[in-house]
Amino acid sequence: MTLQAPLAIEATALAKSFGDATAVAGIDLAVPAGVIYGVLGPNGAGKTTTIRMLATLIAPDSGSARVLGHDVVAEADAVRDLVSLTGQLASVDEDLTGCENLVLLGRLLGLRRAAARARADELLEAFGIAAAGGRLVKHYSGGMRRRLDIAASLVVTPSLMFLDEPTTGLDPRSRNQVWEIARALVAEGTTILLCTQYLEEADQLADGIAVIDRGRVIAEGTPGQLKASVGTGALHVRLLDPATRPAAAAVLERAVGTVVPAPDPGRLSAQCADSARAALGVAELARAGIGLADFSLDQPSLDEVFLALTGHAAEDAAAGEPPAPTREEQPS
Amino acid sequence: MTTTPTAPDAADTAAVRRAISSTPRPPRPGPLSAALTFGWRGMLKVKHVPEQLLDVTVTPVMFLLMFTYLFGGAIAGSTSAYLDYTLPGLLVMSVLFTTVYSGVSLNTDLTKGVVDRFRSLPIWRPAPLLGSLLGDSVRYVIAGTVIIVVGVALGYRPDAGVAGALASLALVVVFSFGLSWVFCVLGLLLRTPNAVMNAGFMGIFPLTFLSNVFVDPATLPGPLQAFVEVNPISVLATACRSLMAGEPDGTAIVVSLVVAAALALVFLPLTTRLYRGR
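Taken in sequence, the protein lines are chains A and B.
Those letters in the first sequence? Residues 1 to 332, per the UniProt record's numbering, in order.
Those letters in the second sequence? Residues 1 to 278, per the UniProt record's numbering, in order.
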């Protein structure tokens, strides 16, 4: 993340309530252009509502947001020109065929009939749904439908794309494909705001992450920074000669951090938050003539990060609250 | 899961990259073009989900057959005399029932989230609404034509011939444009498509029966007769009868059009406001 880069999204104290329920309690976001930025949180944390405000679908109660330099309320049409939305519920028309869906969007975006048709064919081909292009979307598999949904967002390449829970309910193979598409998009210069409740997904894709819980950002940083902020990573070494363990412990204690002896007499672990210190520790051991069979550095998982930040596990929170998909967050 | 084994069921990342790097952004479409595109969508739905059309045409045809043969003799002395009286009214009923589906399909869109995508597009805001009504008008014409054709098959012969039938159909379709906004408001206020359907028919059903569609109001008790005579559906049915008979009733036609315009004037802005707020 380059902090000097122009910001794709800049939100200040964005808030939204539905009746008595506060969905978003004041969110600040600064998303640089050209990256995948993850908004991570359990169901009901306010992710979808945040996206809906940024995508100009609902107006915030208070606070403000600029997307690609345009105010989401005062310049909503300018924002709509530049963004596209891939919803939690695949927002394609089930009663039309895949091809008709793409042609429809092409026409609505201003393509002429023939151009819209050609674009639809190109996208169906690229996303591996050409053979099913003439079938009604309601007969599609989950993975095909999700790919069509993403293709529908790319009929005209957006500068910013909102990906809301893009892999919820997908099998691992389809999930990997969605991830590959997301990486390809960023490689072509599109900024992606990724909302997810999967820690692994944010870790895999995102350059920066905002962790949100109960409508607020509770932590922000790169995946590495977030893990480091918990600070419970460790350097593990396995000694060639168990007899060198006391000497090795002394070296690591000095160079790295608190040493925790392992049950195995040939092993040692030292608490360590960053890889530079770990490398130094390994180098110091070599200088002291202590041979290593192997060594490893592990970092806390984002699950641990979430637990440390919120006091409750992400999965517990998700299981404990009813799922809040797009429509149900809205009063009818 | 329906996947076709012959096709690669996978995204081709290189092709995806080519596809997204190759598009210049076209200029925004005009309001009319956007609305017509939504009209096209409505027609595709008629094509892919013909059951909906079946629902709204079968019921009036059933009524046509039942009333003509079951009650026709008792009400008007003969089935053919009753057919003459009731067919223009059934045309009104058939098409007005179809307008409920405008609200149902709007609500269906909202519950499925496809509207979110439309609303994230830089298009003229009312285009999806106007467009779906354009598509619906195809349904209105089909529903009306079915009734007229079945009527003719049963022996109905309008004095004003084809011109009279077309004029009646046109009037009913125009009236339906106004009325459909009422159901669009219902579609935006209620939670499920089924609720819209139930509420819609709960309103339109008694209103249609408490009109002169089936019986001459002269036979009704005083207060009911007073209501039936001011019921806009009676006025519309009277206008259609007069057009079919080749003796246009100017007052009834104008009142029908004024009611349609008034409904649109009140409920169209309400619809766009509610739609924006969703």
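Cβ atoms here follow ideal geometry from the backbone N, Cα and C, with glycine treated the same way.
These numbers come from a predicted model, not from an experiment.
The residue among B/A218, B/T272, B/G203, B/L169 with its C-alpha nearest the C-alpha of B/I253 is B/L169.
Per DSSP, the beta bridge partners of A/F18 are A/A21.
For the stretch 181-267 of chain B, the full-length alpha helix (DSSP H) segments reaching 4 residues or more read 193-209, 222-230, 232-244 along the chain.
Within the stretch 88-157 of chain B, the complete alpha helix (DSSP H) runs of at least 4 residues fall at 114-119, 127-153.
B/V196 and B/L96 have their C-alpha atoms roughly 15 Å apart.
Judged by DSSP secondary structure, A/F295 falls within the beta strand (DSSP E) whose first and last residues are 292-298.
A/A11 is not a Cβ neighbour of A/L40, given a cutoff of 9 Å.
Of all residues in the stretch 89-110 of chain A, the ones placed with a Cβ closer than 7 Å to any Cβ belonging to chain B are L89, S91, V92, D93, E94, D95, L96, E100, L104, R107, L108, L109, G110, in chain order.
Collapsing the DSSP output to three states places A/L7 in a strand. Against chain B, the CB of A/D81 has a partner CB under 9 Å away; the residue lies at that interface. Among the residues of chain B, those whose CB is under 7 Å from the CB of A/L185 are I20, following chain order. With respect to A/P32, A/T244 sits apart: the two C-beta atoms are not nearer than 9 Å.
In terms of CA proximity to B/I142, B/L53 leads the group B/C240, B/L53, B/G72, B/L36.
Here DSSP, grouped into helix, strand and coil, assigns B/A10 to coil. Shown here for A/V35: same chain residues with a beta carbon closer than 6 Å to its own, the five before and five after excluded, namely D207 in chain order. Looking at the DSSP output, A/A228 sits in no beta bridge, so it has no partner there.
Residue pairing by DSSP places B/D159 opposite no residue, since no beta bridge is assigned to it. Here A/R119 is actually not in contact with A/G133; their C-beta atoms are around 12 Å apart, not less than 8 Å.
It is roughly 9 Å from the alpha-carbon of A/V305 to the alpha-carbon of A/A228.
Taken in chain order, the unbroken stretches of beta strand (DSSP E) that lie wholly in the stretch 101-174 of chain A and span 3 residues or more are 160-164. With respect to B/L36, B/L134 sits close: the two C-beta atoms are nearer than 9 Å. Within the stretch 172-221 of chain A, the runs of beta strand (DSSP E) that reach at least 3 residues and sit entirely inside it are, in chain order, 191-196, 208-213, 216-221. Within the stretch 110-128 of chain A, contact with chain B at the beta-carbon level (separation under 9 Å) is assigned to G110, L111, R112, A115, R119, E122, L123, E125, A126, F127, G128. Residue burial annotation: A/D93 is buried, with at least 16 other C-beta atoms found within 10 angstroms of its C-beta.
Interface criterion met: the Cβ of B/S33 is under 9 Å from a Cβ in chain A. If you ignore the 5 residues before and after A/G26, its C-beta comes within less than 6 Å of the C-beta of A13, A15, all in its own chain and listed in chain order. For A/R287, the enclosing alpha helix (DSSP H) has its first and last residue at 275-287. Chain-ordered, the chain A residues with CB closer than 9 Å to the CB of B/A11 read A126, F127, G128, I129, R147, I150, A151, Q177, V178, E180, I181, A184.
The three-state reading of DSSP puts A/P42 in coil, since its state is none of H, G, I, E or B. By the Cβ criterion, the stretch 162-179 of chain A is not in contact with the stretch 56-66 of chain A, since fewer than three pairs of Cβ atoms, one from each stretch, lie closer than 8 Å.
Taking one beta carbon from each stretch, the stretch 111-122 of chain B and the stretch 79-89 of chain A have 3 or more pairs nearer than 8 Å; the two touch.
The way I'd put it, the stretch 194-201 of chain A does touch the stretch 38-52 of chain A; three or more beta-carbon pairs between them come closer than 8 Å. Around the Cβ of B/K45, a 10 Å sphere holds 16 or more other Cβ atoms; the residue is buried.
By the CB criterion at 9 Å, B/L83 and B/L154 fall inside the cutoff.
When the Cα atoms are used, B/S211 and A/D20 turn out to be separated by approximately 45 Å. Counting C-beta atoms within 10 angstroms of its own C-beta, B/F38 has 16 or more neighbours from the protein chains shown and is therefore classed as buried.
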